[in-house]
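As structure tokens, the structure follows; a few thoughts come after it.
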Amino acid sequence: MTNTTARITPSVAVEHACNSLNIVGSEIRNHLKKEIPAKVLFRQARDVVLLSGPTGTGKEIIAGVTHESAKQFLNRNGELVMVNCANLGNGTFESELFGYRKGAFTGADRDYAGLAGKASGGTLVLDEVQALSPQDQARLLRFLGEREYRSVGDDKTKNCDALIVLASNRNLREMVNSGDFRRDLLDRATAKIHLPTLWERRQDIGELAQSFAMEAGQDAGATAEEFFGLTRRAKADIEAAIIRAKEVSVRRLREVIRDAVFMLATDSLPEAVESDVLAPVLEREFSFSESDRGAQDIDELEKEFDFLVARTQLFELSKRHGVSLRALNKLCGAVQSLIDEMRDQPRSYRNVTERTNRLSKVALWLVSGARTQAEFRKFFGKMAADMPTKSVAHQIYYEVFPRDDQGKN
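Going by my numbering, the sequence shown opens with residue 13, and the numbers climb by one from there.
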């Protein structure tokens, strides 16, 4: 480990990287704080990373966060080199990626180190990797496997220590199945980071919309004291519209919000954008109507009511039975898991209760650490009144350790 790693934690490194690149959205930040340490930092940036997600989910900027995180935590001070593989056709893949020597081909009037060399000690991002031809996929496979390459016209082998990120908006496993992408190339990317779509990041939608509105207001000449972005209701409507439309693209949300603010600014930008002003925009862009807004209100009220009822029940039950809310929640989770795993028998009340009772006795026996019925009884105290009776201990023992058909334990 370097001195840098001793000073900051992986989570802090990712947080600093997100701040430096102005990443908006608490959900995506938390997602990256888990993914980047596990897929990049703890692996010392040695494994090839596959960064996947639909168009507009921010793969390019997240690749930047990955690079900055590795720079801070692993003290990797090389450049971030972004390559669009769709532009590396017509035989330019090797010469652009690996470089060439002067005179290697017509037009090679100088030595060129190549993008792999430029990314030394940094990060090499191969975007739209699915666009590579089968021949170039084979060349990339050798490069990823050995981390060695030769410039065109050179007989010397060079090493590449860059963090390599393959980025794609396509499902590469489906492309493998259809024969359009090499299976062994996909397998080289042992670390995989998938970016969720916009509509799956519910908490981020309002935060992003507000950020885009403030950005547009500033571009239109308004100060933070003159323009406050979106009202609370407007943000709620945008969130509902994005989720109902299952919109995947952060880029599209930005375009819609900026366009709405700029249209308002042609007359006079209000202090804040109201939901009524956004209504025709949301209907046009996401087919979000007034009836959808009403349904949204009902959904929110029902969820809030259900939450309050469940919370009240939890408080009442924990108080009545003398157990903490945390313990009660854990117990509910354990029972739910037990029910979910009952695939081999009907989920009838009798089957569920019998299995719950039996497993609770198994757990109790394990907690007691007992090896015999006598030790089990003594776990509960020294007084006979505190212990289960011998017959009860005997019954529990044979429920925990049932006898087989031969009468053996």
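All residues carry an ideal CB built from backbone N, CA and C; glycine is no exception. All values reported here derive from a predicted model rather than from experimental measurement.
Reference residue i; option with closest CA among the options
{"i": "I78", "options": "G68, T67, V60, P66", "result": "What sits at residue 78 in the sequence shown is Thr, not Ile. The option with the nearest alpha carbon to T78 is V60."}
{"i": "R113", "options": "R305, D166, A248, R245", "result": "D166"}
{"i": "D216", "options": "E251, G229, R194, R182", "result": "E251"}
{"i": "H206", "options": "E227, L184, F155, E160", "result": "L184"}
{"i": "T118", "options": "G157, V164, K130, K83", "result": "V164"}
{"i": "R182", "options": "W377, C172, F193", "result": "F193"}
{"i": "P208", "options": "E411, G65, T368", "result": "G65"}
{"i": "L63", "options": "I40, R264, S180, T365", "result": "S180"}
{"i": "I40", "options": "G218, K315, N369", "result": "G218"}
{"i": "D123", "options": "G133, A131, S107", "result": "S107"}
{"i": "A103", "options": "N87, A120, S145, P400", "result": "Going by the sequence as given, residue 103 is Gly instead of Ala. Comparing Cα-Cα distances from G103 to each of N87, A120, S145, P400, the minimum goes to S145."}
Spatial neighbours of residue i in its chain, beta-carbon cut-off 7 Å, leaving aside the 5 residues before and after
{"i": "N421", "result": "In this predicted model, N421 has a pLDDT of only 43, less than 50, meaning its place in the structure is not dependable enough to derive any value."}
{"i": "A98", "result": "E140, A143"}
{"i": "L242", "result": "A221, Q222, A225, A284, V285"}
{"i": "A246", "result": "V285, E286, S287, L290"}
{"i": "A232", "result": "V273, F274, A277, L281"}
{"i": "G70", "result": "L207, V262"}
Residue i: first and last residue of the uninterrupted beta strand (DSSP E) it sits in
{"i": "T235", "result": "Where T235 is concerned, there is no enclosing beta strand (DSSP E), given that its DSSP letter is neither H nor E."}
{"i": "S403", "result": "Counting along the chain, S403 falls outside any beta strand (DSSP E), though it belongs to the alpha helix (DSSP H) covering 402 to 412."}
{"i": "T135", "result": "135 to 139"}
{"i": "L62", "result": "61 to 64"}
CB-CB length for residue i against residue j, believed under 8 Å
{"i": "L136", "j": "A128", "result": "6 Å"}
{"i": "G101", "j": "R213", "result": "Going by Cβ atoms, the distance from G101 to R213 rounds to 34 Å, so no, they are not a contact pair."}
{"i": "L178", "j": "A201", "result": "5 Å"}
{"i": "L153", "j": "L197", "result": "5 Å"}
{"i": "S23", "j": "V52", "result": "The Cβ separation is near 13 Å, so there is no contact."}
{"i": "R296", "j": "D249", "result": "Going by Cβ atoms, the distance from R296 to D249 rounds to 13 Å, so no, they are not a contact pair."}
{"i": "E27", "j": "K45", "result": "7 Å"}
{"i": "K130", "j": "E91", "result": "6 Å"}
Close beta carbons around residue i, own chain, < 6 Å, minus the five adjacent residues each side
{"i": "Y409", "result": "Q385"}
{"i": "F240", "result": "E283, A284"}
{"i": "K258", "result": "W211"}
{"i": "V404", "result": "none"}
Residue interval of the alpha helix (DSSP H) (run including residue i)
{"i": "D249", "result": "244 to 257"}
{"i": "L44", "result": "38 to 48"}
{"i": "V52", "result": "Run containing V52: none; DSSP gives neither H nor E here."}
{"i": "R264", "result": "262 to 277"}
{"i": "P292", "result": "287 to 298"}
{"i": "F388", "result": "385 to 390"}
{"i": "D352", "result": "337 to 352"}
{"i": "K71", "result": "71 to 86"}
Close beta carbons around residue i, own chain, < 8 Å, minus the five adjacent residues each side
{"i": "E47", "result": "I205"}
{"i": "R162", "result": "F110, K168, T169, K170"}
{"i": "I254", "result": "L210, W211, I217, L265, F298"}
Extract the residue ranges of the alpha helix (DSSP H) inside the stretch 143 to 212, only unbroken runs of 4 or more that lie entirely within it. Within the stretch 143 to 212, the complete alpha helix (DSSP H) segments of 4 residues or longer fall at 146 to 158, 184 to 189, 195 to 200, listed in chain order.
With a floor of 4 residues, list each alpha helix (DSSP H) that falls wholly inside the stretch 89 to 135, ordered by position along the chain. Within the stretch 89 to 135, the runs of alpha helix (DSSP H) that reach at least 4 residues and sit entirely inside it are, in chain order, 105 to 110, 127 to 130.
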